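Visitor:
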């Protein structure tokens, strides 16, 4: 498994106008080192699939302010006021999906499915324009699968083959994103030898991962800090 | 979590003419103790959702020969000649699904989805009568979710709350079945105290499980034996 | 009452609804407070971001162990972690018994609005729509009126609704309402509150159905 | 050649197709034999019943650790187990590089039939249809003729086809065929086999495209 020396080389495959998935529920489980590098990379027109677009001035929030993001697909934009402001000014497109739909659509994209029917959202504004189907007397709406060119995810431990395990609620969207992109780059806290992770506990088998990088930015109770400072 | 004293009481909720899911890939990961009790229970007209209908004269194969099964839904009936013979004589209905579709339909049933579009089977005899949909230029067929009245599954270790972990390839269909039935009975090799299973490694959280029973029948390289003999 | 006291009063009343073996999902805000009034170990708390077995923080805060409101939590004995797709499979699939949610508005048929305010920066649906279609019982906990004193329980929601499914119960600092066949029934008054006060501060029509205690 | 020798000849030739970091799914029968001819540690074997990292049995047989043919296997260093839905997510989702499958019949456009024989007790599709829509490359390993000496490579399959997708390569004890734009090209003869013999034993039309070695 390719282990990149630095975030810059890990992100060489990310280009303007691509669709990228970025893991995390807020900053928890987000690939903070890779996001940090994205803020330095000359790039624009991105479609970003992520539960949130960071927080105000933090994580993906910086990319929002740098106007690198053309469109955001997520479930909760309320927690970053800058996203709402940019939206009101017409500077960013937003596609709001129920959180379960967001997660399920990624899973479908990674599993070779075209889409699925969910009960969630039926009869609401978020169902407008979506195909309805009645199955066994229950009304569902169609949701298409989601895929991306690149997924940037965060895991806890990786082995040298690229098998991944995740830490507590930092797991969230990362395992699905690992399945649903052409190129998957995992930012990990620790790399152990193959065989050190129990075969029963591996969450993301190595066949989903294309490259890895050791995390430099970590989330602490005092905010995001560089690894060295810990 | 309710732990039943014996297989008979564990199966009180199983009635004639119900749909039941039975875990296992062949005999591997099958709830052998519960199946054994089903062979003694007066019951008929069952619809059984399981990858195979056991092997010739073994596991669910006995129920086939007892004519307790009205319909089988699975992916591979070739390995039990009795199933084919009963089918040719019109004694049993069979619904053959690709193995991935079988697994995915259960997952959909457990996850509150109505169905989904898969590429698998398009243009084959197994797609006959199924709705086609073209999404982004690719043709898919619609597959409805599968649910059951009761699921009989096998796990390796349970904790006293009902959290489950599975053993190697004995995992197979069991975790999905645990999500997709009104009543879920887990046959387990061992029950440990709550807290003994790592929160990161639990595969089936306890909210899916309704009752448990200690396994009496186990699969060895010499066949199925009673636990005591081991 | 202080804002804090109001919230605790509501949360405490909601806690009374949770008994025996059940799985409960707590939304952001007042719902989060409900957990601390539960002593029954059979009640398990589920959080949409991937944890069954939420408990209070014990000792050191772990920034990577949070609830749906991104606040630090602890893990109970027998807790389990899972990914977001599996978590919402549990919710949509009917495996969560009770959801306790906050609202921006509720109406007299039990519909709620809690994810969007047209023209404002409130654009976050999170797990609300999934919980409404999936949870067996939905309890709303909310202050009876908004900051500007207007009733949050309306004849009809003016903000976009979260689901076509009616909630089962609404608990405020003034009263407890049940929704039966798309009708609001006031079944209980909070201590010291009169039915007249409830009528005055409620835009919605409701049936008086107070239990004799 | 004995049946065993024929099977090993075919499996050994198929093994030559597996090089570098790749994930390979092996079907039942001859495909199972391919693994033992692979020494490259970068090749990982996936089995549809929930294991990435299949290896030979080492020491004691574990009856709960089996491959798609329900035969005992071992687990490689770095192996992982997963449920059947996730396993087929890998397959359908394009995460398996190569599938090696047996067939009942193949035709001159590369279509195959391997799951049903009308009127007979062969009614088992297993993972075959999923592998055909999902694997990036599909290699068929099969004896050239059936037990009664008839060609298994036909102008058109008479049994129900497994997929509308053509396989990429067919390896028999007589020859290696590639399928290019729905046409069969014979690219290699097995040692001691003449093109005339292949023509004689093959019902299908094919193009001669033998590489000069």
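Protein chains in written order, with the numbering used here: chain A, 4 to 233; chain B, 4 to 233; chain C, 67 to 279; chain D, 67 to 279. A virtual CB, placed ideally from N, CA and C, is assigned to each residue, including glycine. The structure displayed is predicted, hence computed values, not measured ones.
Taking the beta carbon of residue 265 of chain C as the centre, do at least 16 other beta carbons fall within 10 Å, making it buried, or is it exposed?
Guide: Exposed.
Visitor: Which same chain residues, not among the five before or five after residue 149 of chain D, have their C-beta less than 7 Å away from its C-beta?
Guide: 116
Visitor: Should residue 201 of chain A go down as buried or exposed, given a rule of 16 or more other Cβ atoms within 10 Å for buried?
Guide: exposed
Visitor: If contact means a Cβ-Cβ distance below 9 Å, which residues of the segment 230 to 246 of chain D contact chain E?
Guide: Going by chain labels, chain E is absent from the structure shown, which instead holds the protein chains A, B, C and D.
Visitor: Are at least three pairs of beta-carbons, each pair with one atom in the segment 247 to 266 of chain C and one in the segment 189 to 205 of chain C, less than 8 Å apart?
Guide: no
Visitor: Which chain A residues sit within Cβ distance under 7 Å of residue 173 of chain C?
Guide: Ordered by position in chain A, no residue passes the 7 Å Cβ test against residue 173 of chain C, which lies about 14 Å from the chain.
Visitor: When you compare each of A:131, A:155, A:152, A:153 to residue 145 of chain A by their alpha carbons, which one comes out closest?
Guide: The option with the nearest alpha carbon to residue 145 of chain A is A:131.
Visitor: Are the C-beta atoms of residue 164 of chain B and some chain C residue less than 8 Å apart?
Guide: Taking Cβ atoms only, chain C reaches closer than 8 Å to residue 164 of chain B, which makes this a yes.
Visitor: Enumerate in chain order the residues of its own chain whose CB-to-CB distance from residue 143 of chain C is below 7 Å, with the five nearest sequence positions on each side excluded.
Guide: none
Visitor: Taking its Cβ as the centre, do 16 or more other Cβ atoms sit within 10 Å of residue 286 of chain C, making it buried, or is it exposed?
Guide: The shown model of chain C, from 67 to 279, leaves out residue 286 of chain C, and the question about it has no answer.
Visitor: Ignoring anything shorter than 4 residues or poking outside the segment 26 to 60 of chain B, list the alpha helix (DSSP H) runs there in chain order.
Guide: Runs of the alpha helix (DSSP H) inside the segment 26 to 60 of chain B: 35 to 43.
Visitor: So that I know if they touch, is there some Cβ in chain D lying closer than 8 Å to that of residue 210 of chain A?
Guide: Residue-level contact by beta carbon holds for residue 210 of chain A and chain D, with a gap shorter than 8 Å.
Visitor: Closer than 7 Å, Cβ to any Cβ of chain D: which residues of the segment 46 to 70 of chain B, in chain order?
Guide: none
Visitor: Classify residue 112 of chain D as buried or exposed, calling it buried when 16 or more other Cβ atoms lie within 10 Å of its own Cβ.
Guide: buried
Visitor: Locate the alpha helix (DSSP H) running through residue 114 of chain A, then write down its first and last residues.
Guide: No alpha helix (DSSP H) holds residue 114 of chain A; DSSP gives it neither H nor E.
Visitor: Going along the segment 125 to 141 of chain C in order, which residues come within less than 9 Å of chain A, judged by CB to CB distance?
Guide: Among the residues of the segment 125 to 141 of chain C, those with a Cβ less than 9 Å away from any Cβ of chain A are 126, 127, 128, 129, 130, 131, 132, 133, 134, 136, 138, 139, 141, in the order of the chain.
Visitor: Any beta carbon from chain B within less than 8 Å of residue 226 of chain D's own beta carbon?
Guide: yes
Visitor: Which word fits residue 166 of chain A, buried or exposed, when buried means at least 16 other C-beta atoms lie within 10 angstroms of its C-beta?
Guide: Residue burial annotation: residue 166 of chain A is buried, with at least 16 other C-beta atoms found within 10 angstroms of its C-beta.
Visitor: Against chain C, does residue 1 of chain A count as a neighbour if the rule is that its beta carbon must be under 8 Å from one of theirs?
Guide: With chain A represented from 4 up to 233, any question about residue 1 of chain A goes unanswered, as that position is not in the structure.
Visitor: Between the alpha carbons of residue 158 of chain A and residue 79 of chain C, how many angstroms are there, rounded?
Guide: Whole-angstrom Cα-Cα distance: 40 Å.
Visitor: Could you say which of D:176, D:140, D:201 lies nearest to residue 122 of chain D if we only look at CA atoms?
Guide: D:140
Visitor: For residue 73 of chain D, which residues from the same chain have a beta carbon less than 7 Å from its beta carbon, with the 5 sequence-adjacent residues on both sides left out?
Guide: 96, 99
Visitor: Do residue 201 of chain D and residue 179 of chain D have their CB atoms nearer than 8 Å?
Guide: no
Visitor: As an exercise, report each continuous beta strand (DSSP E) stretch of at least 3 residues that is fully enclosed by the segment 138 to 189 of chain C, in chain order.
Guide: 140 to 147, 164 to 167, 171 to 173
Visitor: Quick one: what's got a C-beta closer than 6 Å to residue 74 of chain A's C-beta in the same chain, skipping five residues either side?
Guide: If the five residues before and after residue 74 of chain A are omitted, its C-beta is found closer than 6 Å to the C-beta atoms of 50, 96, all from its own chain and listed in chain order.
Visitor: Taking 8 Å as the cut-off, decide whether the C-beta atoms of residue 211 of chain D and residue 218 of chain D are in contact.
Guide: yes
Visitor: Residue 254 of chain B: which of B:217, B:104, B:230 sits nearest, CA to CA?
Guide: With chain B covering 4 to 233 only, the question about residue 254 of chain B has no answer from this structure.
Visitor: Measure the C-alpha to C-alpha separation of residue 257 of chain D and residue 82 of chain D and round it to an integer number of angstroms.
Guide: 15 Å
Visitor: Which residue or residues does DSSP assign as beta-bridge partners of residue 121 of chain C?
Guide: Answer by DSSP bridge pairing, in chain order: C:140.
Visitor: Using 8 Å as the cut-off, can you tell me whether the segment 165 to 175 of chain D makes contact with the segment 125 to 133 of chain D, which would need three or more C-beta pairs spanning the two stretches below that distance?
Guide: No, the segment 165 to 175 of chain D is not in contact with the segment 125 to 133 of chain D.
Visitor: State the start and end residues of the unbroken alpha helix (DSSP H) segment that holds residue 12 of chain B.
Guide: 10 to 13
Visitor: Which one or two residues does DSSP pair with residue 110 of chain C in a beta bridge?
Guide: Residue 110 of chain C is bridged to C:89.
Visitor: Kindly list, in the order they appear in chain A, the residues whose Cβ is closer than 8 Å to that of residue 89 of chain D.
Guide: Taking the beta carbon of residue 89 of chain D as reference, the chain A residues within 8 Å of it are 210, listed in sequence order.
Visitor: Taking a cut of 9 Å between CB atoms, which residues from the segment 147 to 164 of chain D lie near chain A?
Guide: 147, 148, 151, 152, 154, 155, 156, 157, 158, 159, 160, 161, 162, 163
Visitor: If I'm right that residue 59 of chain A touches residue 94 of chain A with Cβ under 8 Å, what's the distance once you round it to whole angstroms?
Guide: Not quite, the Cβ-Cβ distance comes to about 15 Å (not below 8 Å), so this is no contact.
Visitor: If we cut at 8 Å on Cβ distances, does residue 33 of chain A have a partner in chain D?
Guide: no
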